[in-house]
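Peer 1:
Here it is, written out as structure tokens:
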């Protein structure tokens with residue numbers, strides 16, 4: 096509706112755009128995002144996808160902004176994706192890994208983050224093997240912290256790119272059945288996905304061997320809660336999305352699964368199982384994949400697979416997050 | 353529009369202005385060949401479509417219409433996170449005569465941003481500017497080629513254009529104190 100604006104200065108600029116529902120300094124997990132913020136990310140990511148599709152997929156919006164990637168744990172796609180996203184927005188990027196930096200000399204996380212801030216970095220994308228590490232950084236730094244994965248806790252941009260990919264194919268997720276299968280217990284991807292999916296009205300089914308399922312989660316499947324089950328063949332029935340999680344081989348060594356062969360028999364996403372899902376169901380995987388273990392190669396590269404699209408969309412979603420956080424800092 | 357404001361332009365006047373803009377654009381271009389209309393989001397886009405429809409009526413030529421979002425090109429990025437929407441320019445603009453279409457021309461900063469955005473899509477032979485309302489107070493050396501209506505305003509006022517496509521009705525309003533009538 097109308098509002099009568101007082102414009103005391105002459106530098107009124109263009110018509111102010113409609114307010115946008117972004118208010119966060121950091122992105123640590125998806126559980127603190129409001130629905131308006133999730134919508135803002137999804138809509139902005141749609142525009143960023145269009146930018147990436149242009150002959151020159153780059154704009155200068157964040158020129159003068161320095162983004163650091165600080166990775167204490169190795170990564171291919173997340174670090175590269177953030178770097179491409181930041182550069183596509185015109186930001187400068189500094190890449191740091193634990194090896195080859197002062198971290199090897201024993202510098203603490205807080206000191207490293209403060210040093211980055213002192214050299215003019217305003218956004219730090221961080222990955223750490225300890226759950227909660229980005230929260231420590233955010234509490235001790237004026238820079239904006241984006242969690243690029245912390246331990247078994249959270250991986251918010253992965254969940255957001257998953258949501259974006261699902262919405263592009265399914266439209267609204269209201270009432271859609273999303274089955275997440277595998278090592279749910281240790282999966283930061285699953286954890287962050289649960290929040291965005293439940294907030295979007297999806298029906299979330301977590302599936303895996305009992306030793307790899309979180310005990311605290313409800314088995315009931317009340318509205319607003321996840322369903323938890325050990326039977327993949329039943330769970331996949333009528334699914335609109337099936338997301339397979341990476342099985343880490345050390346889970347076998349630590350005795351959580353009896354053998355890979357047994358895991359494959361019960362929980363591999365293969366063509367026979369996919370038949371039970373709804374026609375047009377999406378196959379997703381956060382990568383990196385163990386083809387032939389949690390997912391059969393023909394399914395990973397089959398018609399239902401959107402796994403490569405997830406990676407492509409990851410750049411657009413991370414551009415959206417960087418744009419909202421970097422422009423929101425000074426607003 | 354309810355309330356105190358009276359429309360300076362109503363649906364009939366806006367329709368008449370759109371037809372005149374369409375004629376002026378075609379006359380200036382010596383025909384409708386090689387024309388591309390690019391409407392700025394949000395309200396420039398429906399205006400561009402209306403102009404294209406008018407051209408189609410009297411020239412029987414379907415002029416391509418694109419939409420352009422300038423949020424990523426604004427000079428006040430960082431003052432507030434502005435919503436970004438996908439642009440869509442359906443044809444190559446290389447060598448074309450592009451007419452940028454916007455609802456209100458004010459400081460000129462949006463047009464400056466639009467020129468930058470447009471250049472990321474190609475190299476037009478020439479770029480023209482059509483606006484429904486010119487309210488004055490330019491801060492940059494930018495002038496329109498086609499003007500629907502000049503509405504002199506004071507800085508403290510604001511000009512609102514409402515269009516059926518985006519707002520459910522057609523009307524141009526000046527808000528804040530009494531309008532300085534043209």
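Chains as they are written, first to last, in this note's numbering: chain A, 96 to 426; chain B, 353 to 534.
No residue lacks a Cβ here, since even glycine has one placed at the ideal position from N, Cα and C.
1. Does DSSP classify residue 468(B) as helix, strand or coil?
2. Using a Cβ-Cβ cutoff of less than 7 angstroms, which residues in the same chain neighbour residue 143(A) once the five nearest sequence positions on both sides are dropped?
3. When you compare only the Cα positions, how much space is there between residue 211(A) and residue 182(A)?
4. Please report how far the alpha carbon of residue 363(A) lies from the alpha carbon of residue 242(A), in whole angstroms.
5. By Cβ distance, which residues of its chain are closer than 6 angstroms to residue 327(A), with the 5 residues on each side in sequence left out?
6. Where residue 365(B) and residue 421(A) are concerned, what is the direct C-alpha to C-alpha distance, given to the nearest angstrom?
7. Closer than 7 angstroms by beta-carbon distance: list the chain B residues that pair up with residue 358(A), in chain order.
8. Examine the ligand ATP and report whether any of its heavy atoms sits within less than 7 angstroms of the Cβ of residue 382(A).
9. When the Cα of residue 331(A) is compared with those of 221(A), 274(A) and 214(A), which residue comes out closest?
10. In angstroms, rounded to a whole number, what distance separates the CA positions of residue 491(B) and residue 398(A)?
11. Can you give the Cα-Cα distance for residue 511(B) and residue 416(B), rounded to whole angstroms?
12. State the DSSP-derived secondary structure class of residue 398(A), mapped to helix, strand or coil.
13. Along chain A, which residues have their Cβ under 7 angstroms away from the Cβ of residue 410(B)?
14. If I measure Cβ to Cβ from residue 426(B) and keep anything under 7 angstroms in the same chain, skipping five residues before and after, which residues do I get?
15. Which same chain residues end up closer than 7 angstroms to residue 139(A) when comparing Cβ atoms and leaving out the 5 residues on each side of it in sequence?
16. Going along chain B in order, which residues have a C-beta closer than 7 angstroms to the C-beta of residue 142(A)?
17. Just checking: is the beta-carbon of residue 275(A) within a distance shorter than 8 angstroms of some beta-carbon in chain B?
18. Using a Cβ-Cβ cutoff of less than 7 angstroms, which residues in the same chain neighbour residue 224(A) once the five nearest sequence positions on both sides are dropped?
19. Measuring only between beta-carbons, confirm whether residue 115(A) sits less than 8 angstroms from chain C.
20. Are there three or more Cβ pairs, one per stretch, closer than 8 angstroms when the region 304-311 of chain A is compared with the region 363-380 of chain A?
21. Quick check on residue 268(A): buried or exposed, where buried means 16 or more other Cβ atoms within 10 Å of its Cβ?
22. Bridge partners for residue 618(B) per DSSP, in chain order?
23. If you follow the beta strand (DSSP E) that residue 276(A) is part of, which residue opens it and which one closes it?
24. If we count the other Cβ atoms within 10 Å of its Cβ and call it buried at 16 or more, is residue 214(A) buried or exposed?
25. Give me the Cα-Cα distance between residue 349(A) and residue 175(A), rounded to the nearest whole angstrom.
26. Identify which residue in 378(B), 381(B), 509(B) and 479(B) has its Cα closest to the Cα of residue 456(B).
27. Residue 342(A) to residue 351(A), Cα distance in whole Å?
28. Leaving out five residues on either side along the sequence, give the residues of the same chain with a beta carbon under 6 angstroms from the beta carbon of residue 521(B).
29. Anything in chain B within Cβ reach of residue 149(A), meaning under 8 angstroms, just list it in chain order.
30. Roughly how many angstroms separate the alpha carbons of residue 356(A) and residue 347(A), rounded to a whole number?
31. Helix, strand or coil: how does DSSP classify residue 115(A) here?
32. If you compare alpha carbons, which of 154(A), 329(A) and 207(A) is closest to residue 231(A)?
33. Which residues share a DSSP beta bridge with residue 418(B)?
Peer 2: For this structure:
1. Here residue 468(B) sits in helix by DSSP.
2. 411, 414 and 415.
3. So the two alpha carbons sit approximately 18 angstroms from each other.
4. Whole-angstrom Cα-Cα distance: 29 angstroms.
5. Cβ within range, chain order: 276, 302 and 362.
6. C-alpha of residue 365(B) to C-alpha of residue 421(A): approximately 43 angstroms in a straight line.
7. What residue 358(A) touches in chain B, judged by beta-carbon distance under 7 angstroms, is nothing: the nearest beta carbon there is about 42 angstroms away.
8. With respect to small molecules bound, the structure shown includes none, and the ligand ATP cannot be examined in it.
9. Of 221(A), 274(A) and 214(A), the residue nearest in Cα terms is 274(A).
10. Inter-residue distance for residue 491(B) and residue 398(A) is about 54 angstroms (C-alpha atoms, whole angstroms).
11. The alpha-carbon separation between residue 511(B) and residue 416(B) amounts to approximately 28 angstroms.
12. Note: residue 398(A) maps to coil in three-state DSSP.
13. Simply none; closest approach about 31 angstroms.
14. Closer than 7 angstroms at the Cβ level, and outside the excluded window around residue 426(B), lie 434 and 465.
15. Hits under 7 angstroms: 415, 418 and 419.
16. Within 7 angstroms Cβ-Cβ: 421, 436, 437 and 438.
17. No, residue 275(A) lies away from the interface with chain B (no Cβ there is under 8 angstroms from its Cβ).
18. These residues qualify, in order along the chain: 167, 168 and 246.
19. Looking at the structure shown, chain C is missing, and the protein chains on hand are A and B.
20. The region 304-311 of chain A is not in contact with the region 363-380 of chain A.
21. Around the beta carbon of residue 268(A), a 10 Å sphere encloses 16 or more other beta carbons of the protein chains shown; the residue is thus reported as buried.
22. Outside the displayed range of chain B (353 to 534) lies residue 618(B), so it cannot be described from this structure.
23. Counting along the chain, the unbroken beta strand (DSSP E) around residue 276(A) starts and ends at 272-276.
24. It counts as exposed.
25. Residue 349(A) and residue 175(A) have their C-alpha atoms roughly 31 angstroms apart.
26. Residue nearest to residue 456(B) within the set 378(B), 381(B), 509(B) and 479(B) is 509(B) (criterion: CA-CA distance).
27. Rounded to the nearest whole angstrom, the C-alpha separation of residue 342(A) and residue 351(A) is 11 angstroms.
28. Excluding residues up to 5 positions away in sequence, 514 lie with their Cβ nearer than 6 angstroms to the Cβ of residue 521(B) in the same chain.
29. Within chain B, the C-beta atoms nearer than 8 angstroms to that of residue 149(A) come from 472 and 473, in chain order.
30. Spanning the two alpha carbons is a distance of roughly 11 angstroms.
31. If DSSP states are grouped into helix, strand and coil, residue 115(A) belongs with coil.
32. The candidate whose alpha carbon is nearest that of residue 231(A) is 207(A).
33. Partner(s): 390(B).
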